[in-house]
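Asks: Following this message is one structure expressed as structure tokens.
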Amino acid sequence: MKISGKIKIVFSIIVVVWASYVGNSQNINFPDPIFKLKLTTTNCVDLDGDAGGDVDADSDDDGEISFSEAAEIKRLILENQYISSVEGVEFFTNLEYLWIPFNQLNSLQISSLEKLEVLSCQHNQIRTLELISLPKLKYLYCTHNRISIIKLEDLPELEWLDCSNNEITEVDLSTFSELVTFDCNFNNLNRLTLGPHIHLELLYLDFNQIDSLYLSNLPKLNHLTCSGNNLSYIYLENLPNLDLLISDNNDLVSLDLEKVPNIKWVYSSFNKLDVVRANGCSDLVEMILIENDLKYLFLNTGHLLQGLDLTLNPNLTYVCAGENQINRMLDILVIYDIFGCEVNSYCTFSSVDQTNLVSGSGLYAESTGDCESNSIPVPYLKFSVEDSFTVKKYFISNKNGSYSIPLSSGKWRIEPAIEQIQSFEITPSLLEVTVMDLDTIFQNFCITPQNPFRQTDITIIPLTPPARPGFDTKYKIIWENKGNLLENGTIHFTYDENIFDYVSADLIPDAINSGKLSWDYTDLLPFEKREIIVTLNLNSPMENPPVNAGDITYLYANILDNVFRLENVIVGSYDPNDKTCLQGQYFHPDSVGKFVDFLIRFENTGNFAAENVVVKDIIDTSSFDVSSF
108 MKISGKIKIV
118 FSIIVVVWAS
128 YVGNSQNINF
138 PDPIFKLKLT
148 TTNCVDLDGD
158 AGGDVDADSD
168 DDGEISFSEA
178 AEIKRLILEN
188 QYISSVEGVE
198 FFTNLEYLWI
208 PFNQLNSLQI
218 SSLEKLEVLS
228 CQHNQIRTLE
238 LISLPKLKYL
248 YCTHNRISII
258 KLEDLPELEW
268 LDCSNNEITE
278 VDLSTFSELV
288 TFDCNFNNLN
298 RLTLGPHIHL
308 ELLYLDFNQI
318 DSLYLSNLPK
328 LNHLTCSGNN
338 LSYIYLENLP
348 NLDLLISDNN
358 DLVSLDLEKV
368 PNIKWVYSSF
378 NKLDVVRANG
388 CSDLVEMILI
398 ENDLKYLFLN
408 TGHLLQGLDL
418 TLNPNLTYVC
428 AGENQINRML
438 DILVIYDIFG
448 CEVNSYCTFS
458 SVDQTNLVSG
468 SGLYAESTGD
478 CESNSIPVPY
488 LKFSVEDSFT
498 VKKYFISNKN
508 GSYSIPLSSG
518 KWRIEPAIEQ
528 IQSFEITPSL
538 LEVTVMDLDT
548 IFQNFCITPQ
558 NPFRQTDITI
568 IPLTPPARPG
578 FDTKYKIIWE
588 NKGNLLENGT
598 IHFTYDENIF
608 DYVSADLIPD
618 AINSGKLSWD
628 YTDLLPFEKR
638 EIIVTLNLNS
648 PMENPPVNAG
658 DITYLYANIL
668 DNVFRLENVI
678 VGSYDPNDKT
688 CLQGQYFHPD
698 SVGKFVDFLI
708 RFENTGNFAA
718 ENVVVKDIID
728 TSSFDVSSF
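Numbering of the sequence shown is given in the working numbering, commencing with residue 108 and proceeding in unit increments.
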């Protein structure tokens, strides 16, 4: 049958239209024309793996990217190309390497690229990052964006995640068992969920909003940095390869490194550290603790550190160090202007080498409002400490009024105990705390006057060596204001001038009379103690009257209406290891209900200085009230 010309024309048009449709259906649609333009006109395909583009993605130069062309591409590099969307990249099904930093992306969703191993999208404007079902992805770099939402699912091979410099608040890493490096510096991170990361080596968490950090059972963790957070607590345990910790600029009050004994470098400056424990850290090389509130440092590592910086830690009072570290440690304390700090190796007897610590100061002021700005420390303040089983212990603050009470985990009641409690108000009067897991609690106690009350006590203490016939002997006179009023007055020291001759005093008497020395004093504050040392010469057996070993002499000191009598036994030779009641060998019936004073002396029988001394005294509780100590 002969076909007319008209029919042939129509048929030809239909064939052309159909062919055009088939061609378009084989090309990928890219909503961002710039992305398409860069794919078709720039060298964006890396053929040889040198991280540089070699050819464009449009192999047939038709201005389009077909599905077949996309499937041939393994490495795609489009850096700094003004791209705002990479939608369509999901059709590059064999893509292994996608490098798209320094563009204008504001979101990124990629899924089902089963061969993708490396993704770099840093330095964009991405707010939401969603990566799902990328089973081969190992390296993800998404730094310097504005990411606040990050959704990472089904990335079983992920080894390196760098999401620093974003706005991320929480990250769940619990399913990334192959993770080696996690860098989340400079975010708003306040919650981090970890899992059994047996390969994790590097953990960077600087400058976030984290307030506590618990890290345990990370066998390969090597570096941990967490500076510039809100950390008040770090717990580190079972991290056998951890050798670097940087935790500067936080709110840490304690740092325990004894469960990470292989640590080498520790940097924890500009915190509020009160105590640092690093006993047994035998690999420790350097520790930098600039500007903390450090009071206790446990550093018995068995070797000298290459670097230890204690700048601006003037309140350091105790350092535990190995025998071979002590001399060097003393030199270091001088370098950093730290004075009055005890250094020894008898660390197990230090009361602060415990799990939890409650510390602070006892302060006296005219009113509670003055305690922070216009107060004086109360030295040797006694504390009654009681646990939930009503087992009571007593602790005493130091001469500067500072106290540190070690506590096991549990509930505790801490109460200051002072004489004449009815004349003072203490705020708080009782501290009830629950402590656990290396807690460190700081609490000052403010003592203010309540009812006007006057009491001054005075004591005479014989100094070593004791009184021996024919020799000089020294006595210390101590007087103390135990009332709540400012005191002015005179103290008197009386001795038998027939057997004693006055030699000298470290404070010149205001009056010297026959066998009597007197000193005026002014402005003796409540809880303040003052002292004077007096030297007397004792008659020998050849003088008149003679003095012999075994004789008893009496010395007196009085202030206001209080009189102290020292019963002084003369000795020929002496044993410096003794305990003596200053009021005499026997108690008189009128001593019941009154205070008595004991002098305990001890000596070193070796040939070298004894740097660690523990004095234990057993008190007969049937005769003495221990709580009155």
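All residues carry an ideal CB built from backbone N, CA and C; glycine is no exception. Just so we're clear, the structure is a prediction, and the values are computed from it rather than from any experiment.
1) Rounded to the nearest angstrom, what separates Tyr471 and Leu538 at their Cα positions?
2) Thinking just about the alpha-carbon of each residue, which of Thr288, Leu464, Tyr582 is nearest to the one in Leu380?
3) Residues in the same chain with beta-carbon distance under 8 angstroms from Gln133, minus the five sequence neighbours each way, listed in chain order, please.
4) Thinking just about the alpha-carbon of each residue, which of Ala158, Ile584, Asp318, Val278 is nearest to the one in Ile254?
5) Just the Cα atoms here: how many angstroms apart are Trp101 and Tyr582?
6) By DSSP's criteria, Pro523 is part of a beta bridge. Which residues make up the other side?
7) Buried or exposed: Glu430, going by 16 or more other Cβ atoms within 10 Å of its Cβ?
8) With Asn292 and Leu312 assumed to form a contact (beta carbons below 8 angstroms), what rounded beta-carbon distance in angstroms separates them?
9) Identify which residue in Asn315, Pro421, Ile217 has its Cα closest to the Cα of Asn297.
10) Would you decide whether Lys143 is buried or exposed? Buried here means 16 or more other CB atoms lie within 10 Å of its CB.
11) Could you check if Met436 is buried or exposed, using at least 16 other CB atoms within 10 Å of its CB as the buried criterion?
12) How about Ile565 and Asn665: do their beta carbons lie closer than 9 angstroms?
13) Along the chain, which unbroken stretches of the beta strand (DSSP E) at least 3 residues long are found entirely within the region 320 to 368?
14) Report, in whole angstroms, the separation of the C-beta atoms of Arg384 and Glu398, which I expect to be a contact under 8 angstroms.
15) Cα separation between Leu320 and Ser375?
16) Opposite Ala612 in the DSSP bridges: which residues?
17) In three-state DSSP terms, what is Lys143?
18) What first and last residue would you give for the alpha helix (DSSP H) that runs through Asp438?
19) At 4 residues or longer, and completely inside the region 171 to 204: list those alpha helix (DSSP H) runs for me, N to C.
20) Taking DSSP's pairing of strands, which residues face Ala664 in a bridge?
21) Using 8 angstroms as the Cβ pair cut-off and three pairs as the minimum, do the region 345 to 361 and the region 543 to 559 touch?
22) Report all residues from its chain with a CB closer than 6 angstroms to the CB of Val441; omit the five preceding and five following residues, and keep chain order.
23) Using a Cβ-Cβ cutoff of less than 7 angstroms, which residues in the same chain neighbour Leu415 once the five nearest sequence positions on both sides are dropped?
24) What does DSSP give as the partner residue(s) for Ala618 in the beta ladder?
25) Could you please give the first and the last residue of the uninterrupted beta strand (DSSP E) stretch that includes Gly409?
26) Answer with buried or exposed for Asp355, where buried requires no fewer than 16 other C-beta atoms within 10 angstroms of its C-beta.
27) How big is the Cα-Cα spacing for Lys243 and Leu205?
28) Sorted by chain position, which residues of the same chain lie with C-beta nearer than 7 angstroms to Pro347's C-beta, five sequence neighbours on each side aside?
29) In terms of alpha-carbon separation, which member of Thr555, Gly170, Gln432 lies closest to Ser389?
30) Just to confirm, is the Cβ distance from Gln529 to Lys589 under 9 angstroms?
31) How big is the Cα-Cα spacing for Gly476 and Leu488?
32) Taking 9 angstroms as the threshold (C-beta atoms), are Glu237 and Gln216 in contact?
33) On a Cα-Cα basis, can you pick out the residue from Asn187, Pro263, Asn294 that is closest to Thr280?
34) Please state whether the Cβ-Cβ distance between Pro569 and Asn651 is less than 9 angstroms.
35) CB-CB under 6 angstroms to Glu587, same chain, minus the five flanking residues each way: which ones, in chain order?
Replies: Here's the rundown:
1) Taking the sequence shown and counting its residues from 1, the one referred to as residue 471 is at position 364. Taking the sequence shown and counting its residues from 1, the one referred to as residue 538 is at position 431. If I take the Cα positions, the gap works out to 18 angstroms.
2) Numbered from 1 along the sequence shown, position 273 holds the residue referred to as residue 380. The residue with the shortest Cα to Cα distance from Leu380 is Leu464.
3) Along the sequence shown, read from residue 1 onward, the residue named residue 133 stands at position 26. If we look at Gln133 and ignore the five residues flanking it on each side, its Cβ neighbours are Ser173, Phe174, Ser175.
4) Reading the sequence shown from its first residue, position 147 is the one you call residue 254. If we check each option's Cα against that of Ile254, Val278 comes out closest.
5) The requested residue 101 does not occur in the structure, where the chain is confined to residues 108 to 736.
6) Taking the first residue of the sequence shown as position 1, residue 523 is located at position 416. Its beta-bridge partners are Phe490.
7) Your numbering for residue 430 matches position 323 in the sequence shown. The residue is exposed, with fewer than 16 neighbouring Cβ atoms inside 10 Å.
8) Against the sequence shown, residue 292 aligns to sequence position 185. Against the sequence shown, residue 312 aligns to sequence position 205. Yes, Asn292 and Leu312 are in contact; Cβ-Cβ is about 7 angstroms, under 8 angstroms.
9) As a position in the sequence shown, residue 297 is number 190, starting the count at 1. Among Asn315, Pro421, Ile217, the Cα nearest to that of Asn297 belongs to Asn315.
10) For this step, residue 143 is matched to residue 36 along the sequence shown. Answer is buried; the Cβ neighbour count reaches 16.
11) To locate residue 436, count along the sequence shown from 1; it is residue 329. Buried is the call here.
12) By 1-based counting over the sequence shown, the position of residue 565 is 458. By 1-based counting over the sequence shown, the position of residue 665 is 558. Cβ atoms of Ile565 and Asn665: closer than 9 angstroms.
13) 330 to 332, 340 to 344, 351 to 353, 361 to 363
14) Position 277 of the sequence shown, counted from the first residue, corresponds to residue 384. Position 291 of the sequence shown, counted from the first residue, corresponds to residue 398. The pair is not a contact, with the Cβ atoms about 19 angstroms apart (cut-off 8 angstroms).
15) Within the sequence shown, numbered from 1, the residue matching residue 320 stands at position 213. Within the sequence shown, numbered from 1, the residue matching residue 375 stands at position 268. Approximately 15 angstroms, taken between the alpha carbons.
16) On the sequence shown, residue 612 is found 505 positions in, with the first residue counted as 1. BP columns for Ala612 point to Val641.
17) For the purposes of this step, residue 143 is identified with residue 36 of the sequence shown, where counting begins at 1. Correct three-state label for Lys143: helix.
18) Within the sequence shown, the letter at position 331 stands for residue 438. 433 to 442 is the span of the alpha helix (DSSP H), which, as asked, contains Asp438.
19) 174 to 178
20) Residue numbering aside, residue 664 sits at position 557 when the sequence shown is read from its first letter. Paired residue(s): Phe600, Phe671.
21) Between the region 345 to 361 and the region 543 to 559 there are three or more inter-stretch CB-CB distances shorter than 8 angstroms, so the stretches are counted as touching.
22) As a first step, residue 441 is located in the sequence shown; it is residue number 334 there, counting from the start. Around Val441: no qualifying Cβ.
23) Along the sequence shown, one-based indexing puts residue 415 at 308. Once the five neighbours on either side are set aside, the close Cβ partners of Leu415 are Met394, Ile439.
24) The residue labelled residue 618 in the question sits at position 511 within the sequence shown. Per DSSP, Ser625.
25) Along the sequence shown, one-based indexing puts residue 409 at 302. Element bounds for Gly409: n/a, residue is neither H nor E.
26) Along the sequence shown, one-based indexing puts residue 355 at 248. Buried, by the Cβ-count rule.
27) As a position in the sequence shown, residue 243 is number 136, starting the count at 1. As a position in the sequence shown, residue 205 is number 98, starting the count at 1. Approximately 13 angstroms between the Cα atoms of the pair.
28) For this step, residue 347 is matched to residue 240 along the sequence shown. So the qualifying residues of the chain are Pro326, Asn369.
29) The residue given as residue 389 occupies position 282 in the sequence shown. Checking every option, the nearest Cα to that of Ser389 belongs to Gln432.
30) Mapped onto the sequence shown, residue 529 falls at position 422. Mapped onto the sequence shown, residue 589 falls at position 482. Between Gln529 and Lys589, the C-beta gap is not smaller than 9 angstroms, which leaves the two residues out of contact.
31) Position 369 of the sequence shown, counted from the first residue, corresponds to residue 476. Position 381 of the sequence shown, counted from the first residue, corresponds to residue 488. Going from the Cα of Gly476 to the Cα of Leu488 covers about 20 angstroms.
32) The residue you call residue 216 lines up with position 109 of the sequence shown. The residue you call residue 237 lines up with position 130 of the sequence shown. Cβ atoms of Gln216 and Glu237: closer than 9 angstroms.
33) The residue labelled residue 280 in the question sits at position 173 within the sequence shown. Looking at the sequence itself, residue 280 is Leu, so the reference to Thr does not match. Per the Cα distances, Pro263.
34) What you label residue 569 is simply residue 462 of the sequence shown in a count that begins at 1. What you label residue 651 is simply residue 544 of the sequence shown in a count that begins at 1. No, they are not a contact pair.
35) Sequence index remark: in the sequence shown, residue 587 carries index 480 (1-based). So the list reads Asp564, Lys636, once near-sequence residues are dropped.
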